[in-house]
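Visitor: I have a structure here, written as structure tokens, and I will follow up with some questions on it.
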Amino acid sequence: MNTIKIGLIGLGTVGTGVLQMVMNNQDKVSNITGQNLSVKTIVVHDVNKPRDVDTGDITVTEDLNAIIDDPEIKIVVEVMGGVHPAKEIIAKVLNAKKHVVTANKDLIASAGEELAAIARENHCDLMYEASVAGGIPILRTIVNSFSADNIIEVKGIVNGTTNYILTQMQQHHWKYADALKKAQELGFAESDPTNDVAGIDAAYKMIILSQFSFGTHITMDDMAVEGIQNIQLSDVKQAAAFGYTIKLLGIARRINGGVFAEVGPVLVPLDHPLATINNENNAVMVTGQAVGDTLFYGPGAGGLPTANSVLSDIVSVTKNIVLKTTGNSFNNFQDQVSSAAASEVVYPYYLALKMPDVPGEMLKVTKIMTDIKASFSQIIQTKNPDQTARVVIITHDMSKEQLAQLTERLRQTQTIELLAAYKVMDKG
1 MNTIKIGLIG LGTVGTGVLQ MVMNNQDKVS NITGQNLSVK TIVVHDVNKP RDVDTGDITV
61 TEDLNAIIDD PEIKIVVEVM GGVHPAKEII AKVLNAKKHV VTANKDLIAS AGEELAAIAR
121 ENHCDLMYEA SVAGGIPILR TIVNSFSADN IIEVKGIVNG TTNYILTQMQ QHHWKYADAL
181 KKAQELGFAE SDPTNDVAGI DAAYKMIILS QFSFGTHITM DDMAVEGIQN IQLSDVKQAA
241 AFGYTIKLLG IARRINGGVF AEVGPVLVPL DHPLATINNE NNAVMVTGQA VGDTLFYGPG
301 AGGLPTANSV LSDIVSVTKN IVLKTTGNSF NNFQDQVSSA AASEVVYPYY LALKMPDVPG
361 EMLKVTKIMT DIKASFSQII QTKNPDQTAR VVIITHDMSK EQLAQLTERL RQTQTIELLA
421 AYKVMDKG
């Protein structure tokens, strides 16, 4: 039986998981592919750094050329993270006629098309199942199982850090800062959590999901991205009183021939499947025209769950090598789709307002809503100790265009502050 030699770039949490899974799953992989897999060389930033994994006879080096120049190495796994120098390294690996498997969502979202073109030129595979939702095999599922269906919407919880924080705020009534601190202590959040809590990580994943679902390439500039840093415990409690939980969702959907995508807090009905996804877990709901709603749930991060997706890509590449079918794009679906207009993106909204507790202030809000042709569904008003009132509103359907008009008109009052404006998922 032949052996496929692998080069590994990075030996952190995911890299260690990949190494362990390649070593421990030889029998099944060999049974499926007819080939043995062996990690021959690992490139790291610092060879002297203490590590908890036994690399045995594997060469561990700081020299990338040990992989680039080795004709025996056919597959290279990149798990170092970041856009640079990962982009340059992967391009160099592909130009050396080696297949690449990566878990790098930031890179694929920002430079995936460019790298895919380099892969095609060199008749190489570029696989990145692990770049979205960790251990959930969502990308390959969309490519294979939805190939004949027209996807209408893809949405979900695609960041474990924010979901853990919001779960603690919901279940234990912790303030945001306390929940974030606990997430950092448990290793779910980085010391600088900005990429996660500001919604950037989720936005990168939605870019990739949009490419697979709709065949279109959107950028960060095309998306409204809002994180969870400003969510107040009072809003979490009020949402629960209304029958909702707040989740950070990525949403991409077809609207009248265009595509709309964004990331932000959403009030999800307590009986909706996404409301039950707690802690660091992820879930992606794909809505097809034929099949309807389908939900894919699992761990969104972690060494072994992510390594499992990486290994599935390695197995796919190995099969392609055996069948001599390498060089095809991971995602071949391409479509010319424009962005949906703001007037076409319609949701109910949860609005939290702060205003002087005096006659006439609520009348201002009512007049503005009437002027923009929007209406209320529910209103709750509470008095603050400082002679102000906190007013919470759930509206009927409003367009993003109407929401922008509302925001501007409230700002012009100079007495009414818009504290929060979150989408509300309709109750079924």
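In this text, residue positions in the sequence shown follow full-length UniProt numbering: the first is 1, and each later residue adds one.
Here a beta-carbon is modelled for each residue, glycine too, at the ideal position from N, C-alpha and C.
Residue range of the alpha helix (DSSP H) that G300 falls in?
Guide: Element bounds for G300: n/a, residue is neither H nor E.
Visitor: Mark D313 as exposed unless 16 or more other C-beta atoms lie within 10 angstroms of its C-beta, in which case mark it buried.
Guide: Buried is the call here.
Visitor: By Cβ distance, which residues of its chain are closer than 8 Å to V266, with the 5 residues on each side in sequence left out?
Guide: Answer for V266: I246, K247, L248, L249, I251, Y422, K423, V424, M425, listed in chain order.
Visitor: Going by DSSP, what residues sit across from S399 in a beta bridge?
Guide: V346.
Visitor: Taking DSSP as the reference, what is the three-state secondary structure of D63?
Guide: It is coil, neither helix nor strand.
Visitor: Tell me which residues share the same chain as A241 and place their Cβ nearer than 6 Å to its Cβ, disregarding the 5 neighbours each side in the sequence.
Guide: Result list for A241: empty, nothing under 6 Å.
Visitor: What is the residue span of the beta strand (DSSP E) that H272 lies within?
Guide: No beta strand (DSSP E) holds H272; DSSP gives it neither H nor E.
Visitor: Once the 5 residues before and after P356 are set aside, which same chain residues still bring their CB inside 8 Å of it?
Guide: Taken in chain order, the residues that qualify are Q387, T388, A389, T415.
Visitor: For the 8 Å Cβ check, are there 3 or more pairs between the segment 121–130 and the segment 162–178?
Guide: No, the segment 121–130 is not in contact with the segment 162–178.
Visitor: What is the rounded straight-line gap between the Cα of A109 and the Cα of M206?
Guide: Rounded to whole angstroms, A109 to M206 spans 9 Å at the Cα level.
Visitor: Quick one: using the 10 Å Cβ neighbour count with 16 as the cut-off for buried, is F376 buried or exposed?
Guide: Exposed is the call here.
Visitor: Does DSSP classify R51 as helix, strand or coil?
Guide: DSSP places R51 in coil when its eight states are reduced to three.
Visitor: Counting beta carbon pairs with one atom in the segment 190–209 and one in the segment 103–123, are three or more of them shorter than 8 Å?
Guide: Contact holds: three or more Cβ-Cβ distances are below 8 Å.
Visitor: Just curious, the alpha helix (DSSP H) that N144 is in, first and last residue?
Guide: Start and end: 138–145.
Visitor: Please report the residue range of the alpha helix (DSSP H) in which E185 lies.
Guide: Where E185 is concerned, the enclosing alpha helix (DSSP H) stretches over 176–185.
Visitor: Would you mind working out which of E190, N331, S339, V358 sits nearest G258, comparing C-alpha positions?
Guide: Minimum Cα distance to G258 is reached at S339.
Visitor: What residues in its chain sit with their C-beta under 7 Å from that of N384, if we drop five residues either side in the sequence?
Guide: Within the same chain, N384 has close Cβ partners R390.
Visitor: Whole angstroms are fine: how far does the CA of V22 sit from the CA of K319?
Guide: When rounded, the distance between both Cα atoms is 15 Å.
Visitor: Report the three-state DSSP secondary structure of residue 465 (helix, strand or coil).
Guide: Residue 465 lies beyond the stretch modelled for the chain, which goes from 1 to 428, so this question has no answer here.
Visitor: Taking the alpha helix (DSSP H) that A198 belongs to, which residues open and close that run?
Guide: Counting along the chain, A198 falls outside any alpha helix (DSSP H), and DSSP gives it neither H nor E.
Visitor: Within 8 Å, do at least three Cβ pairs link the segment 87–104 to the segment 285–300?
Guide: Contact between the segment 285–300 and the segment 87–104 is absent, because fewer than three Cβ pairs lie under 8 Å.
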